[in-house]
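Participant:
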Amino acid sequence: MTDGSRADAAVQAHATVGQAPEAAGQPHVAPGPGHGRVADLGEAPAARAVGKLLPHAWQQDGDHVSLLGTRCRRCGTLTFPPTAACPRCWQRDGLCEETLAQPGTVAAYTVVHVPAEGIAAPYALAYIDFDGGVRLCGRLDSWDDIRVGDHVTAVAGVLRSQPGGDLLGWLFRKARR
Amino acid sequence: MTEVFVAGAGMIGFGRFPGETIESLAVPACLDALAGAAVTPDDVDAVYCGNVYGGMLLAQRIAGQLGLTGRPGYNLEAACSSSAVALHLAVQAVRAGQIRTALVAGVEQLSVFGRGGLRLNPVDPDIAQGVTMPAVYAMRAQAYLAATGATVEDLAAVAVKNRGNGARNPYAQFRKLATIDEVLASRPVADPLTLLQCCGTGDGAAAVVVSRDPGPAARPVRVAASVATSGTIGQHDLSREPLTERTARAAYAEAGIGPADLGTVELHDAFSIAELLYYEALGLCGYGEAAGLLRSGATACDGPCPVNASGGLLARGHPLGATGVAQVAEVTGQLRGSVGTLTRRPDHGLTHCTGGGITGYDHAACTIHILSAA
């Protein structure tokens, strides 16, 4: 890899951090989801869709998204996304696909005002805990009445709009009681 | 075990220098460290460099401008912990007798990427979903405030203290005082963190010479502990910092001292909440007691254990690869009595930096050094 390619990769990356006082310029706000609620797939500019986040790790059934992990038959460790080897006991055979049990539970969340590129601010990020010890970081599709400890389920949605098209994946929505 | 000394230290004032090159930032800091150690090119057995975004073979590029070619050059990346990891490996090599003297540089030039923030790995699943570093710390802040009863004013008080310290540090990038109200009224970044509670992006360089020889300084500074480790993946309590706790326990054991012995600490205050979490993880106080410790003045420049007397990452600035060695250069100066921000000269100081920003980990890489005036 040359210096140039590494620098290019860094320039093309997509996150915003540690804003200096003078760094609070115009955030990159792409056309996309509205305030406080992310558009469903049906409302998104689906014709532009080009990418899926971790396509091997989720399945969409209507609105609902199943999140697919792997369970090690030897030591029982649950991993998300699916892995080729158990990170605990290094077993390579005998890993079986397992759907994460939903709902998950909100462990913490924040509303982001200085966004990552390609995402309209504000948006909400959360840590979601699942049975089996898996913790995922994900976006909430609405956060008006979200509290830590709430149950959430995964729904399909557009994660970000970028020059090449949209990135499709899952968002978390408060589970109906 | 072989003693290792910080024989010389140097750094440049941090800021935004898009017209410089990464080598031109690093060389003055290196020359100051080499001059401080009173070594010649033949004395330097190896060059270690911590950096994130500067491209390949940076240790060799810097060595080429210092006449330090023809010997090992090591390039280390561990996000914000990069140059602290470089220092750790240099210390290990000196202790093991593999080398006698090493130059360790930390350097970063973020201004060349424009005004936006830090670039994280776009193919990381969490980053793809919109994770930013402020968001990661904001979630910790939410958990900590809920668990302990600390308030947003307590968070802001960290920024007020460190920005006040930075105002007196000629090497600091941000030298403006701020009030609690100004901090809380600054632009929201990720709730509850506002702009003045977040470190800025900028450029900087720092260097130290570590050696079996103490160097010419009247008050030699010894590396009493050097510990680097990594985080874990799972559902840990977000209101605590288990990675720093583990690293600190190992560092205190290695140094044979405890937190009560420390007279200065430079810790990883990339965001206001971090300082409160790390007070507790470093054992400066118990769980839930950080806001009280801050309010007591104990961590102010005239307190018994000043924390981030330099202004920390919030005010000195946080050019990622430069930070770890800059902290060590700062504490070395404090122990020698050559840095002006402290009211009394400490005997022991601790530096701590921790790097994250990848999926799954609580935090990914943590490094702690304890320095003692021998």
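Residue numbers (this note's numbering), protein chains in the order written: chain A, 1 to 177; chain B, 1 to 374.
Even glycine gets a Cβ: it sits at the ideal position worked out from N, Cα and C.
Suppose you measure from the CA of A/Thr79 to the CA of B/Gln235; what does that come to, to the nearest Å?
Facilitator: Each residue's Cα considered, the two are about 13 Å apart.
Participant: To the nearest angstrom, how far is the alpha carbon of B/Pro122 from that of B/Arg344?
Facilitator: C-alpha separation (whole angstroms): 46 Å.
Participant: Looking at the C-beta of B/Ala128, does it have a partner C-beta in chain C at a distance below 7 Å?
Facilitator: In the structure shown, chain C does not exist; the protein chains are A and B.
Participant: Considering B/Glu266, what are the terminal residues of the beta strand (DSSP E) in which it resides?
Facilitator: Run containing B/Glu266: Thr264 to Glu266, per the beta strand (DSSP E) assignment.
Participant: Beta carbon of B/Pro28, beta carbon of B/Asp203: below 7 Å?
Facilitator: Cβ distance not < 7 Å, so B/Pro28 and B/Asp203 don't count as in contact.
Participant: Chain A partners of B/Gln142, CB-CB under 9 Å?
Facilitator: The contacting residues are Ala108, Tyr109, Thr110 and Val148.
Participant: Mind checking the region 67 to 79 of chain A against chain B and listing, in chain order, the residues whose C-beta falls within less than 8 Å of any C-beta there?
Facilitator: Going along the region 67 to 79 of chain A in chain order, one finds no residue with a Cβ nearer than 8 Å to chain B.
Participant: Leaving out five residues on either side along the sequence, give the residues of the same chain with a beta carbon under 7 Å from the beta carbon of B/Val91.
Facilitator: Once the five neighbours on either side are set aside, the close Cβ partners of B/Val91 are Val4, Val210, Val223 and Ser226.
Participant: By how many angstroms is the C-alpha of B/Thr229 removed from the C-alpha of A/Gln102?
Facilitator: Straight-line Cα distance between these residues: approximately 34 Å.
Participant: B/Pro125 touches chain A at which residues, Cβ-Cβ below 9 Å?
Facilitator: Per Cβ cutoff of 9 Å: Leu53, Leu54, Ala57, Pro81, Leu136, Cys137 and Gly169.
Participant: Per DSSP, which one or two residues make a beta bridge with A/Arg135?
Facilitator: Bridge partners of A/Arg135: A/Asp129.
Participant: How about B/Ile99 and B/Asp43: do their beta carbons lie closer than 7 Å?
Facilitator: No, they are not a contact pair.
Participant: At the level of alpha carbons, what is the spacing between B/Ala138 and B/Val47?
Facilitator: Going by the C-alpha atoms only, they are around 37 Å apart.
Participant: Decide if A/His56 is buried, meaning its Cβ has at least 16 other Cβ atoms within 10 Å, or exposed.
Facilitator: Classification of A/His56: exposed, given that the 10 Å Cβ count is below 16.
Participant: Say whether chain B places a C-beta atom closer than 7 Å to the C-beta of A/Ile119.
Facilitator: Yes, its Cβ sits closer than 7 Å to a Cβ of chain B.
Participant: Cα separation between B/Gly36 and B/Cys198?
Facilitator: Each residue's Cα considered, the two are about 33 Å apart.
Participant: Classify B/Glu280: buried if its beta carbon has 16 or more other beta carbons within 10 angstroms, exposed otherwise.
Facilitator: The residue is buried, with at least 16 neighbouring Cβ atoms inside 10 Å.
Participant: Beta-carbon separation of B/Ala251 and B/Ile370 under 7 Å?
Facilitator: Result yes, Cβ atoms of B/Ala251 and B/Ile370 sit closer than 7 Å.
Participant: On the DSSP letters alone, give me the boundaries of the beta strand (DSSP E) that A/Glu98 sits inside.
Facilitator: Leu95 to Thr99 is the extent of the beta strand (DSSP E) around A/Glu98.
Participant: Can you pull the chain B residues whose beta carbon is under 8 Å from the beta carbon of A/Ala116, in chain order?
Facilitator: Ordered by position in chain B, the residues that pass the 8 Å Cβ test against A/Ala116 are Ile127, Gly130, Val131 and Thr132.
Participant: Can you tell me the Cβ-Cβ gap for A/Arg139 and A/Leu171, rounded? I've got them flagged as a contact below 8 Å.
Facilitator: Rounded, the Cβ-Cβ distance is 5 Å, consistent with contact.
Participant: Would a check of beta-carbon distances place A/Gly164 closer than 7 Å to chain B?
Facilitator: Chain B, which has no Cβ nearer than 7 Å to the Cβ of A/Gly164, makes this no.
Participant: Report the neighbours of B/Met375 on chain A: residues whose CB is nearer than 9 Å to its CB, in chain order.
Facilitator: Residue 375 of chain B is absent from the structure shown; chain B starts at 1 and stops at 374.
Participant: Decide if B/Met133 is buried, meaning its Cβ has at least 16 other Cβ atoms within 10 Å, or exposed.
Facilitator: It counts as buried.
Participant: Can you tell which of B/Ala59, B/Gly19, B/Ala33 and B/Thr21 has its C-alpha closest to the C-alpha of B/Pro216?
Facilitator: Checked all of B/Ala59, B/Gly19, B/Ala33 and B/Thr21; the closest Cα to B/Pro216 is B/Ala33.
Participant: Within the continuous alpha helix (DSSP H) that includes B/Arg95, where are the two ends?
Facilitator: Note, B/Arg95: alpha helix (DSSP H), Ser82 to Arg95.
Participant: Can you list, in chain order, the residues of its chain whose CB lies under 8 Å from that of A/Thr99, leaving out five sequence neighbours each side?
Facilitator: Here the set comprises Ser66, Leu67, Leu68 and Gly69.
Participant: Closest to A/Gly104 by CA distance: which of A/Gly169, A/Pro81 and A/Ile128 is it?
Facilitator: Checking every option, the nearest Cα to that of A/Gly104 belongs to A/Ile128.
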